[in-house]
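Report on one structure; see the data block that follows.
Residue numbers (this note's numbering): 112 to 352.
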């Protein structure tokens, strides 16, 4: 994966041979804690969804590399928590296996460590062995193609640029796709019925602490026209994130 700061990315991976990677509720919650520890120091999360055999993250990368010695969980972990809000992890203790070059930790490597750590935990729980994820985690840049940065979508294998219609610009297409994935796959009838996504946090019926609402507003991401009217939404007023 190649990341550049200041851009949006869709990060995703799935189980080997499409096998399940989340086998019970605690697996989902454990992975969310790993996301908080290994993603938030590098990026703002705009959308996320954990499915039985794959996951999606939509992030804005703030920095691609940080000093390993200052790598600690985000301060946002101390906010009020609900049933799906992540329990703070203890201060991160640098490990020589994370990054030996100049005491630097890259976002790319941090994601790899996150998946390896989760794999070890599930293998121990299930008495499995080997990787449960596909070998290559994908990271698609949503805001740049070959140096050009208009909105874009891919339609039947053809890239189309959409400067004049924000409703079909690729970041918003991806934002909607991630949140509607559980409905598309027939797991629930409505996206708010799927516990393991940021949809309920986005519409204000749950106070999850993974998504950055100010960043969502900055990019004008929404699920329909009314939700784009951030100024009138009480759940978006006086946000400190």
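All residues carry an ideal CB built from backbone N, CA and C; glycine is no exception.
Residue i versus residue j: straight-line alpha-carbon distance, rounded
{"i": "residue 160", "j": "residue 238", "result": "26 Å"}
{"i": "residue 290", "j": "residue 302", "result": "6 Å"}
{"i": "residue 166", "j": "residue 123", "result": "6 Å"}
{"i": "residue 140", "j": "residue 130", "result": "19 Å"}
{"i": "residue 330", "j": "residue 156", "result": "12 Å"}
{"i": "residue 304", "j": "residue 226", "result": "26 Å"}
{"i": "residue 247", "j": "residue 222", "result": "11 Å"}
{"i": "residue 224", "j": "residue 164", "result": "19 Å"}
{"i": "residue 313", "j": "residue 334", "result": "9 Å"}
{"i": "residue 119", "j": "residue 280", "result": "13 Å"}
Residue range of the beta strand (DSSP E) that includes residue i
{"i": "residue 169", "result": "165-172"}
{"i": "residue 176", "result": "176-178"}
{"i": "residue 148", "result": "Per DSSP, residue 148 belongs to no beta strand (DSSP E); it is in the alpha helix (DSSP H), 136-149."}
{"i": "residue 314", "result": "First-last for residue 314: 310-314, but that is the alpha helix (DSSP H), not the beta strand (DSSP E)."}
{"i": "residue 251", "result": "249-252"}
{"i": "residue 161", "result": "154-162"}
Check whether residue i and residue j have beta carbons under 8 Å apart
{"i": "residue 121", "j": "residue 251", "result": "yes"}
{"i": "residue 162", "j": "residue 292", "result": "yes"}
{"i": "residue 240", "j": "residue 234", "result": "yes"}
{"i": "residue 171", "j": "residue 324", "result": "no"}
{"i": "residue 174", "j": "residue 116", "result": "yes"}
{"i": "residue 215", "j": "residue 179", "result": "yes"}
{"i": "residue 332", "j": "residue 282", "result": "yes"}
{"i": "residue 158", "j": "residue 309", "result": "yes"}
{"i": "residue 153", "j": "residue 142", "result": "no"}
Residue i, buried or exposed, once every other Cβ within 10 Å from all chains shown has been counted against 16
{"i": "residue 316", "result": "exposed"}
{"i": "residue 125", "result": "buried"}
{"i": "residue 319", "result": "buried"}
{"i": "residue 299", "result": "exposed"}
{"i": "residue 128", "result": "exposed"}
{"i": "residue 145", "result": "buried"}
Per-residue DSSP class, three states only, for residue i
{"i": "residue 330", "result": "coil"}
{"i": "residue 233", "result": "helix"}
{"i": "residue 273", "result": "The predicted model places residue 273 with a pLDDT of 44, which falls under 50 and marks its position as unreliable; any figure quoted below should be read in that light. Note: residue 273 maps to coil in three-state DSSP."}
{"i": "residue 221", "result": "helix"}
{"i": "residue 115", "result": "coil"}
{"i": "residue 320", "result": "coil"}
{"i": "residue 300", "result": "coil"}
{"i": "residue 215", "result": "strand"}
{"i": "residue 124", "result": "strand"}
Continuous alpha helix (DSSP H) stretch holding residue i: start and end
{"i": "residue 290", "result": "281-295"}
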